[in-house]
Each structure stands twice: as structure tokens, then as C-alpha cells.
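A.B. asks:
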């Protein structure tokens with residue numbers, strides 16, 4: 001009798017056989033090729049790989065490394081979708097000007113291009129009127145470069161939502177945990193407001209009542225897209241929820257990230273980007289800091305690990321196991 005083919009599935013819903021075998025591989029350090037045949041999805045997904053010294057054994061990929069790779073892939077998919085939205089908006093913007101509000105059966109476009117900071121702010125305020133939930137991602141550059149009046153207007157909008165009994169959840173980068181403007185914001189807000197932080201976040205994102213979303217449409221953020229398409233808004237809200245579960249609480253109950261073996265959480269984040277081959281400028285941009293600060297952290301990391309060169313630093317990072325400790 002021919003056995004039934006193994007069902008296809010993603011890493012987020014591993015089958016029971018795969019989960020049990022992966023747990024066993026992690027505990028014992030390996031599984032046999034014969035046993036692995038019961039769950040071929042583990043090898044297909046890269047969670048098991050051939051052993052170096054024993055080809056008849058498969059060794060597990062570290063869960064920390066696997067999670068890092070999968071999150072990076074998810075962020076790349078989100079970025080690809082955002083670039084696609086920008087291309088679509090750029091393509092249809094001149095057509096919408098010709099067609100006017102009569103286009104489509106409802107007269108309400110699923111994607112609208114907003115031009116100018118004032119118009120973007122007014123449209124967000126209109127969408128928030130009467131709303132009960134706000135999800136937001138605020139990258140370092142968006143928050144620090146915004147004019148003071150933008151912070152004042154946003155605070156007023158957010159407090160009005162909280163006064164209605166609504167809920168606000170915001171994601172920042174770790175570099176903003178002690179920013180005076182952020183601290184002052186949460187000292188003034190009253191209501192169900194929470195904030196968490198990550199090493200890296202997506203571009204600016206605002207999702208209101210899971211019905212409408214706002215994302216940037218150009219580099220200087222003077223253009224934005226107002227998105228009403230249910231599938232796209234749902235995708236963005238789900239991406240936010242997953243990042244939220246991975247983030248470190250900042251407000252109202254702050255959780256401090258531990259220093260392990262003399263390596264700070266920020267240095268571990270830099271180490272992860274270093275072994276991916278990124279330049280100092282790219283590392284600084286992705287972690288929300290200037291290049292000089294990034295180089296200071298790299299120098300401290302090199303001193304901690306006893307490295308004399310950039311090439312040696314990458315080797316020592318891999319050998320030290322500091323990235324394996326990141327999720328411990």
C-alpha cells in the first residue's frame with residue numbers, strides 16, 4: 001500500500017509529526033534519516049540539515065536562527081507588498097484624476113493617494129473620528145524628524161480615542177525607548193495605551209479599526225496611501241499583530257532586555273546584521289541610529305569578543321553563540 005503524501009504546510013502550522021520530531025532533534029542533537037522520512041517537511045523548510053560528520057543523521061537548525069530567518073522573510077514579503085502598492089498607486093493616480101469619483105461601483109477608491117503633510121494629517125484625523133482602535137508603527141526617523149506640531153496634533157487625536165474607551169498599540173524601535181518625546185507622550189496619555197519596541201520595525205503604518213490603513217508612498221513621506229481594500233488592510237493588521245507578539249514591552253510596564261556575557265541586546269542586533277554582510281550605513285539605518293553610533297557599538301562588540309578585524313569579528317560572532325542566546 002502506497003503511503004499518503006505528506007500534506008503541504010508552512011512553518012507556522014507544522015504538522016504533529018514534524019513538531020514531535022523537531023523537538024526530539026533539539027533534545028538529542030540529531031535524528032536519523034530514516035526517522036526524518038516521516039516528516040519530510042522539516043528538511044524542506046530547512047529545519048533539519050545533514051550532519052557534517054555523520055551523513056546518516058540530520059541535525060536541527062537552532063530555533064533562534066530559524067525564527068530570525070523566518071521573520072526576515074516575512075518582513076521582506078511585507079516590504080515587497082508595500083512596494084507593489086506604491087507602484088499601483090503611482091500608476092493609477094493620473095487615471096483617478098481623470099476618472100474622478102465616478103470610477104467604480106461604490107465611488108470610494110480602495111487606494112487613495114494623499115499629497116502633503118497637512119492633507120495626510122487631516123485625513124488621518126477624519127478616519128480616527130469615532131474610532132475605537134489604533135495600531136501604529138513609528139520608525140526612528142519618522143518620530144524624530146516630525147515637526148513639533150505633528151506630535152501635538154497626534155497626541156490630541158489619540159487622547160480623544162482613549163477618552164471614548166478605545167485602545168492604542170504602538171511599535172517603536174529600541175532606540176526610542178528613552179527618547180524624551182516618547183516618554184513625554186506616555187506621561188500625558190490617559191487610557192488604554194500600550195507601547196512595545198523591536199530592533200527593527202517596518203515603515204510607518206497606521207491601521208484604524210482594522211478598516212483603513214495609511215502607509216508612506218515616497219521616501220520623504222510627503223505622499224501617503226490611504227488603503228481601504230479589506231484584504232490589504234487585513235494583511236497589514238495581521239503583520240502588526242505578529243510583530244507585536246515578538247516585541248519587548250515598554251509602556252505601561254517596561255521590560256528591560258538583559259545583558260548576557262557582556263553583550264547588550266543592541267550589540268546582538270548589530271551582530272546579526274554583521275554576519276548577514278551589511279555595511280555600517282545599512283546597519284545604522286535599519287536599527288534607527290546614526291553611523292557613528294553604530295560604529296561605536298561595533299567597536300565595543302569587537303573588543304568584547306577579542307576581534308582584531310571585521311572578518312575575524314564575523315567568525316567570532318558565529319563561534320560565540322551570542323545570537324543563539326538572543327531568544328533564551
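Residue numbers (my numbering): 1 to 328. Just so you know, even glycine gets a beta-carbon here, dropped at the ideal spot from N, CA and C. In this text the structure is predicted, and so the values were computed from the model without any measurement.
Ordered along the chain, which non-local residues of its own chain (more than five positions away) have a Cβ less than 8 Å from that of residue 323?
C.D. replies: Closer than 8 Å at the Cβ level, and outside the excluded window around residue 323, lie 64, 65, 68, 268, 271, 272, 275, 317.
A.B. asks: Considering only the beta carbon of each residue, do residue 194 and residue 210 sit closer than 9 Å?
C.D. replies: No; because the gap between Cβ atoms is not below 9 Å, this pair is not in contact.
A.B. asks: Classify residue 203 as helix, strand or coil using the three-state DSSP reduction.
C.D. replies: Three-state result, residue 203: coil.
A.B. asks: Cα separation between residue 228 and residue 128?
C.D. replies: Straight-line Cα distance between these residues: approximately 14 Å.
A.B. asks: Is it true that the segment 184-202 meets the segment 157-174, where meeting means three or more beta-carbon pairs spaced less than 8 Å apart?
C.D. replies: Yes, the segment 184-202 is in contact with the segment 157-174.
A.B. asks: Between residue 36 and the rest of its own chain, which residues show a CB-CB distance below 8 Å, the 5 nearest in sequence each way excluded?
C.D. replies: Taken in chain order, the residues that qualify are 21, 42, 43, 48, 58.
A.B. asks: Which stretch, first to last residue, makes up the beta strand (DSSP E) that contains residue 59?
C.D. replies: Element bounds for residue 59: 57-60.
A.B. asks: According to the Cβ coordinates, are residue 74 and residue 239 closer than 9 Å?
C.D. replies: Contact flag set, yes.
A.B. asks: Between which two residues does the alpha helix (DSSP H) harbouring residue 180 extend?
C.D. replies: Its alpha helix (DSSP H) spans residues 180-188.
A.B. asks: Confirm, please, whether the CB-CB distance from residue 137 to residue 355 is below 9 Å.
C.D. replies: With the chain covering only 1 through 328, there is no way to say anything about residue 355.
A.B. asks: Beta-carbon within less than 8 Å of residue 197's beta-carbon, same chain only, minus the 5 sequence neighbours each way: which residues are those?
C.D. replies: Contacts found: 171, 172, 173, 174, 176, 177, 247, 248, 250.
A.B. asks: In whole angstroms, what separates the C-alpha of residue 17 from that of residue 39?
C.D. replies: Approximately 6 Å between the Cα atoms of the pair.
A.B. asks: Quick check on residue 296: buried or exposed, where buried means 16 or more other Cβ atoms within 10 Å of its Cβ?
C.D. replies: Label assigned to residue 296: exposed.
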